Every structure is written in C-alpha cells, then in structure tokens.
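Read through the structure below, which is laid out as structure tokens, and then see the notes.
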Amino acid sequence: MKGKTIFLMIISTLAFAGVNAIIKYLDRFGEFQLVFFRSIVSLTLSIIQLKFMRISPWGRNKPILFLRGFSGLLALIMGFVLIKNIPLGTAITLNYLSPIFTAIIAVFWLKEKIRPIQWGYLVICVFGVWLLKKGEISLTFEMLLLGLGASGLAGLAYNCVRICKETDHELVVVFWFPFVSTPIALLLVFLFQEWLWPSSSEWLIILLLGALTQVAQIALTKALQQDKAANATVLKYLGVVHAFWIGWIFFGEGLSLQSAIGVAIVLSGIILFGWRKKLKTT
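Residue numbering for the sequence shown is 2 to 283, as defined by the working numbering.
Set out below in structure tokens:
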C-alpha cells in the first residue's frame, strides 16, 4: 500500500470523524436543519467546482441521479438521528454496515455474485450487531432498525453512484446529492420542526462542518485514485476507532466489554466480506 494512500485515508477518516462530532455537538438543532446546513454548504461548493470546470450539472441519467440524492438524503437523516441519540462509536459502527447492503443490492440490481463464504461473513456481522445490541443499553430496537435502514439506503445510493459512473461526471453525481436534499430538508424543517437561528459561533461551526465534509470527500477520492480500492477502503474503518475515542474524550461515552466485542466482530465481518469480494474482481 502506498504511503500517500495511507496519509490521505487518515485525513479522510479524521475529517469524517470531525463531521460526526460536530453533528453530535449541535444537538439543539433538529435533524432536518442539520441536513440542510450540511447540504447547502456542499451544494455551494459543488456549483463553484462545476462552474470552474465548465461542466453542466444536470447530467444524463436523471432518474438514477435523483434516486441517488433521495436515498442519500434519507440515509443522512437517519444517520444524524442515530448520532444524536446513541454513543458516537455505536452509531458509526451501524452506519458502516452499508458495504454489506451495497453488495446485497448489487446482487439483485446489477446481477453481481456473492461467493458462499461471503454469506458466512454476513452471519458474522449479524452476530456482532446482536452482541452490540445486548451490550449497549441506549441501543433500543427502534434505534437498531434505524441504523440498519440508514445503511440499507446508503447501500442503494452507492449502487446508484456506480451506475452513474458510466453516464455522468463524478462532480455531477456529487452535485445531485445536495441538489435534491437541500430543498427537501428545508421543507421538512418548516413542516415538522422549529427553525432555530445559529449563534455567531455556531455559524462558524456550521461552516467548519461543510469544510470538513469537502476535505473528507476530496481525500477519499484521491486515495481511491492513488491505489487499489481494496487497499484504500480497508483504511476507512479507522473512522470507527476515531468515533469511539472522540465519544470517550469529548462526550464522556463509555463502552462495555460486550459492546466492544460486538464492534470488533462487526468490523471483522465487513472487512473480510469486502476483501473477499475485491480479491475476486482483481
């Protein structure tokens, strides 16, 4: 694995960990408003990039682009609810089940194959989630379902991205996520939540939220271009480690032995599942 890839993935996972920590810190805002804040900053940056590169934002495969944006929006909302209501490390572990759902959806939608041993790794992940549920008191059945739903919708969004790679520029795909989510999130705020005006310091934190998101996405993209996907994506699981130490230091969140074992089993199953899948295709 290239040294530059390792450096870029460390930057990416740290930036994403910062994003998640900010979401947990801004807990006085509703989930819809937080999604709107993140989306409007991302939309602005995407428009600037597209204008600079003279690329039309509208794309060719509009139904799939819209589905990518809408499924990503729902996954983001569910993910923010998790981050605000359960320990940060537990929430991120559940979100990292998305590669499993990505592969399962690809079997039915893209007609890809899963090797028999990979189904065994799926069972390992399910067992790890069960241990995590038993060991984490705040992880109610409703929160568990929410986490699985967020991962499933993220898996759908990732498959949309894969399809659009054949028809649309990557910046167009990036643009459609906030393009869809920004107006819908704003509408949901006014329909179901009370709009809260950020203070001066909170506006700075919101801008930092957008900047960290952009840094994380750029670093991840560059890492995937520098090295094999199998090498680069394995390092993204550092994000779970970051989530646990940030939760422990800044939010006073502990972790039981049973929960720690559950997290380790889930991550092991996901990494083995992904590695086997990529070894087959390389």
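Where a beta carbon is used, it is the ideal one built from N, C-alpha and C, also for glycine. Predicted model only: the values in this text are computed from it and were never measured.
How many angstroms separate the CA atom of residue i from the CA atom of residue j?
{"i": "R55", "j": "F251", "result": "43 Å"}
{"i": "I105", "j": "V190", "result": "33 Å"}
{"i": "I41", "j": "E137", "result": "34 Å"}
{"i": "A244", "j": "K166", "result": "30 Å"}
{"i": "A151", "j": "E143", "result": "12 Å"}
{"i": "F81", "j": "P117", "result": "34 Å"}
{"i": "G255", "j": "L46", "result": "37 Å"}
{"i": "I7", "j": "A22", "result": "22 Å"}
Looking only at its own chain, which residues have a Cβ that is under 6 Å from the Cβ of residue i, when we skip the five neighbours before and after it?
{"i": "K61", "result": "According to the sequence displayed, residue 61 carries Arg and not Lys. For R61, where only same-chain residues beyond five positions count, the Cβ hits under 6 Å are T168, D169."}
{"i": "T183", "result": "S40, I41, L44"}
{"i": "L239", "result": "T14"}
{"i": "S1", "result": "Look at the range of the chain in this structure, 2 to 283, and you will see that residue 1 is not part of it."}
Let me know if residue i comes out buried or exposed under the rule of 16 or more other beta-carbons within 10 Å of its beta-carbon.
{"i": "T141", "result": "exposed"}
{"i": "E171", "result": "exposed"}
{"i": "K25", "result": "buried"}
{"i": "S201", "result": "exposed"}
{"i": "K134", "result": "buried"}
{"i": "L188", "result": "exposed"}
CB-CB under 7 Å to residue i, same chain, minus the five flanking residues each way: which ones, in chain order?
{"i": "G121", "result": "none"}
{"i": "L51", "result": "P58, L172, F176"}
Between which two residues does the alpha helix (DSSP H) holding residue i run?
{"i": "T94", "result": "89-96"}
{"i": "K25", "result": "4-26"}
{"i": "F30", "result": "No alpha helix (DSSP H) contains F30, which DSSP labels as neither H nor E."}
{"i": "L197", "result": "L197 -> no alpha helix (DSSP H), and no H or E assigned at all."}
{"i": "T183", "result": "171-193"}
{"i": "L239", "result": "239-252"}
Might you give, ordered along the chain, the residues of its own chain that have their beta carbon closer than 8 Å to the beta carbon of residue i, omitting 5 neighbours on each side?
{"i": "I115", "result": "A104, I105, V108, K278"}
{"i": "L208", "result": "V42"}
Problem set entry | Continuous alpha helix (DSSP H) assignments of at least 4 residues falling wholly in the region 75-141 | 89-96, 99-110, 117-136
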